[in-house]
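Student:
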Amino acid sequence: MKRCSLFVILTVVTLLSAAVARAEIKLSSIIGDNMVLQRGMAVPVWGWAEPWEKVKVTFAGQTHRATAGKDGKWQVKLDAMKANTKPQSMTIKGANTITLKNILVGEVWICSGQSNMAWPVRASNDPDLEIAAAKYPHIRMISVPQVGTQEAQNDFKGQWEACTPEVAANFSAVGYFFGRQLHQTLDVPVGLIDNAWGGSAAEAWIPRDVLAKHDRYGALLKQWDDLAAKYDHDKAMAAYRQRRAKWQDAAKEAKAAGKPIPRAPRAPRNQLTGNHRPANIYNGVLHPTIGYGIKGAIWYQGESNSSRAYQYRHLFPLMIQTWRDKWGQGDFSFYWVQLADFMDESDQPQDSAWAELREAQTMAMSKLKNTGQAVIIDIGEGRDIHPRNKQGVAKRLARWALAKDYGIKLVHQSPTFKSIEISGNRAVITFDHVGQGLYSFDHRTKVLGFTAAGPNQSFVNVDAKIIAKDKIQITATALKQIASVRYAWANNPKVNLYNRDGLPATPFRTDQWKGVTEGKETR
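Each number in the working numbering comes from the position in the sequence shown (counting from 1) with 758 added on.
1. Figure out for me which residue from Val815, Asn928, Leu862 and Leu836 has the closest Cα to the Cα of Asn854.
2. With DSSP as the reference, label Val766 as helix, strand or coil.
3. Helix, strand or coil: which one does DSSP assign to Leu1168?
4. Please look up how many angstroms separate the CB atoms of Gly1193 and Arg1258, rounded, as I've assumed it's under 8 Å.
5. Assign Thr1031 to one of three DSSP states: helix, strand, or coil.
6. Please determine whether the Cβ atom of Gly819 lies at a distance below 8 Å from any heavy atom of the ligand ADP.
7. Quick one: what's got a C-beta closer than 6 Å to Ala910's C-beta in the same chain, skipping five residues either side?
8. Can you grab the Cα-Cα spacing for the pair Ala1012 / Thr1174, in whole Å?
9. How many Å lie between Gly790 and Ala1132 at the Cα?
10. Following the continuous beta strand (DSSP E) through Leu1196, name the residue where it begins and the one where it ends.
11. In the DSSP assignment, the beta strand (DSSP E) including Thr1120 goes from what residue to what residue?
12. Which runs of the alpha helix (DSSP H) fall wholly inside the region 855 to 917 and span at least 4 residues, in chain order?
13. According to DSSP, simplified to helix, strand and coil, what is Arg989?
14. Excluding the 5 residues flanking Asp1200 on each side, which residues of the same chain have their C-beta closer than 8 Å to its C-beta?
15. With distance defined between alpha-carbon atoms, name the residue in Leu1155, Gly1150 and Gly1182 nearest to Asp884.
16. Given Val1169, which residues of its chain have a CB within under 6 Å of its CB, disregarding the five upstream and five downstream residues?
17. Assuming Gly933 is part of the alpha helix (DSSP H), what are its boundary residues?
18. Tell me which residue opens and which closes the beta strand (DSSP E) that Thr1188 is part of.
19. Taking contact to mean 3 or more Cβ pairs, one atom from each stretch, closer than 8 Å, check whether the region 1019 to 1031 and the region 821 to 834 are in contact.
20. Within 10 angstroms of its Cβ, does His1034 collect 16 or more other Cβ (buried), or is it exposed?
21. Can you give the Cα-Cα distance for Tyr989 and Tyr1197, rounded to whole angstroms?
22. For Ala779, does the count of other Cβ atoms within 10 angstroms reach 16, so buried, or fall short, so exposed?
23. Using a 10 Å radius around the Cβ and a threshold of 16 neighbouring Cβ atoms, would you call His991 buried or exposed?
24. Name the residue from Val1186, Gly1138, Ala1161 and Ala1156 whose alpha carbon lies nearest to the alpha carbon of Asn1250.
25. Taking 8 Å as the limit between beta carbons, can you name the residues of its chain near Lys915, skipping five residues before and five after?
26. Going by beta-carbon coordinates alone, are Val948 and Arg898 separated by less than 9 Å?
27. Lys1009: which of Val879, Ile1019 and Gln1000 sits nearest, CA to CA?
28. In angstroms, rounded to a whole number, what distance separates the CA positions of Asp1136 and Leu1155?
29. Which residue from Lys859, Val863 and Thr1280 puts its Cα closest to that of Arg797?
30. Applying the 10 Å Cβ sphere with the 16-neighbour rule, what's the burial state of Trp877?
31. So, for Pro1107: in the same chain, excluding its five sequence neighbours on each side, which residues have a beta-carbon less than 6 Å away from its beta-carbon?
32. May I ask you to report which of helix, strand or coil DSSP gives Lys1272?
33. I'd like the span of the alpha helix (DSSP H) that includes Ile1143, first residue to last.
34. In whole angstroms, what separates the C-alpha of Ala994 from that of Thr1031?
35. Locate the alpha helix (DSSP H) running through Ile1240, then write down its first and last residues.
36. Report the CB separation of Ile964 from Thr1047 in whole angstroms; it is logged as a contact under 8 Å.
In structure tokens:
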């Protein structure tokens, strides 16, 4: 009888403990200690609890209540607040109580893209000086781990941290330098969310159902579906282990004989969980953060899509609009970095997938409002796809944000093609956004980087010079009649055209002749 009673008691205790555990409220990782909340807007705060559980959130003199839905998710929206550098606490109370500490109110930006956005401060220019100076307690950072999946994730493993030399060293360099410029200029707290994934393709950042609505992505999606149907990663790993074992034996024999050790085989990557599969990054990386109050996003990507530049004309704006739709925060600001100069430098006319991708990026500005492009055709590195001058990149992005979002009078847009007047083998090109006027670096008036073609579409070098604040004159002595003019149309063109405010001219072409990536829709 005593054993029976003890069993009943233990059972009841166990059930009660399980019920309490199930009832505990839980927060998304994006909602935590040290976070920055976006000023000037109703800020969402969310988490999970037992279905129909009542939750109370208290912060900065506000109290808001919510009831968890049948899926357990709850959400409140804090009233709009002014920037505040004084650390505050937030209390979330349900069956249990959670207290979050050291919260600031300021400006929050997403830092996204591929490896050039992920590139850390420690690998950029002057890392020792930059790291030593990275003491900004009012700049807060959080990084989202790389998870590639077809199933939408609701949370991730990560936490907000105040900016210290140790934290900044491994954070996105472009993100940190951008945030630092905003912080120093605006004198408000800045929160930075880094979710960049090196080598990622734009389609991986978009939900599959969104892509499937457009026929132009049918072949791309089928390509991945076919791979998913036939690829067996366990089988690939088993074959790799066999190769590895044979290599180990061969390495021992080579070492004993004093011969060079053969190269070790590489473990296979599971492309199905990688950074190119459509929707993978959207589901695993972006989705857990959607809804967090932000001012906008900065983006540095395009290298992985350069072979499909014509497709990017639609894909990139689709991605931006999809993010905005999912966030439910209106047309938040979205600024990106145009591809830098890369590969062998050239002063000769050439077809170029990278030039076509830059063109696609430029086109996005005319398709979507509240967008902007930082041109960096002058600060790339021919031998490395990862330019170290992330400070220059970040400053050009920051110009857009400071001018467009914060009302500071700054020249922020690079000179862009406006119109052309052709007379035989001469042409006059007029530019917009020239600031204080056009300027040819290292030359008094001579401008490098222009080419022209006649009706036969064969391009030649030309003489180009500045003839007015906003005008360039082109002379093509090898042609009778100019049909098209191109500027900086190469992987790594020799160029020197700026405005006097230090921003390089945007690459362009005046023709719409068929490009080398036209019609390419799959990897």
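Built from N, CA and C at the ideal position, the CB exists for glycine as well.
Remember, predicted model here, so these are calculated numbers, not experimental data.
Tutor: Concretely, from the data shown:
1. Considering only alpha carbons, the answer is Val815.
2. Below a pLDDT of 50, predicted positions are generally treated as unreliable, and Val766, at 45, falls in that range; no measurement from the model is reported.
3. The answer is coil: DSSP assigns Leu1168 none of H, G, I, E or B.
4. About 6 Å separates the two Cβ atoms, so the contact holds.
5. Residue state for Thr1031 is assigned as helix, using DSSP reduced to three classes.
6. The model depicted lacks the ligand ADP and carries no ligand whatsoever.
7. Closer than 6 Å at Cβ, skipping near neighbours: Asn1041 and His1045.
8. Each residue's Cα considered, the two are about 60 Å apart.
9. Linking Gly790 to Ala1132 through their CA atoms gives a straight-line distance of about 32 Å.
10. Residues Leu1196 to Ser1198.
11. For Thr1120, there is no enclosing beta strand (DSSP E); the residue is found in the alpha helix (DSSP H) stretching over Ala1111 to Lys1125.
12. Whole alpha helix (DSSP H) segments, 4+ residues: 873 to 876 and 885 to 890.
13. With the sequence shown as reference, residue 989 is identified as Tyr, and Arg is not the correct amino acid for it. Tyr989 falls in the coil class under three-state DSSP.
14. Non-local C-beta neighbours of Asp1200 in its own chain, meaning closer than 8 Å and more than five positions away in sequence, comprise Asn1254, ordered along the chain.
15. The option with the nearest alpha carbon to Asp884 is Gly1150.
16. Closer than 6 Å at Cβ, skipping near neighbours: Gly1193 and Asp1259.
17. First-last of the alpha helix (DSSP H) with Gly933: Ala931 to Leu944.
18. First-last of the beta strand (DSSP E) with Thr1188: Arg1184 to Asp1190.
19. The region 1019 to 1031, when compared against the region 821 to 834, does not touch it at the 8 Å Cβ threshold.
20. That one is buried.
21. Answer to the nearest angstrom: the Cα atoms are 55 Å apart.
22. Unreliable positioning characterises Ala779 in this predicted model, as indicated by a pLDDT of 45, which lies under 50. A coordinate reading is not provided.
23. Burial call: exposed.
24. Considering only alpha carbons, the answer is Gly1138.
25. Listed in chain order, the non-local C-beta contacts of Lys915 below 8 Å within the same chain comprise Ser787 and Pro903, local neighbours out to five positions each way being set aside.
26. Yes, these two residues count as a Cβ contact at 9 Å.
27. Reading off the sequence, residue 1009 comes out as Ala, not Lys. Closest by alpha carbon: Ile1019.
28. About 15 Å.
29. When only C-alpha atoms are compared, the closest one is Val863.
30. Counting Cβ neighbours within 10 Å, Trp877 comes out buried, since at least 16 surround it.
31. Scanning its chain for C-beta atoms nearer than 6 Å, with the 5 sequence neighbours on each side dropped, one finds around Pro1107 the residues Thr1209 and Phe1217, in chain order.
32. In the structure shown, the three-state DSSP call for Lys1272 is coil.
33. Note, Ile1143: premise wrong, no alpha helix (DSSP H); not H, not E.
34. Between the C-alpha atoms of Ala994 and Thr1031 there is a straight-line separation of about 14 Å.
35. It is not in any alpha helix (DSSP H) - Ile1240 carries neither H nor E in the DSSP assignment.
36. No, Ile964 and Thr1047 are not in contact; Cβ-Cβ is about 15 Å, not under 8 Å.
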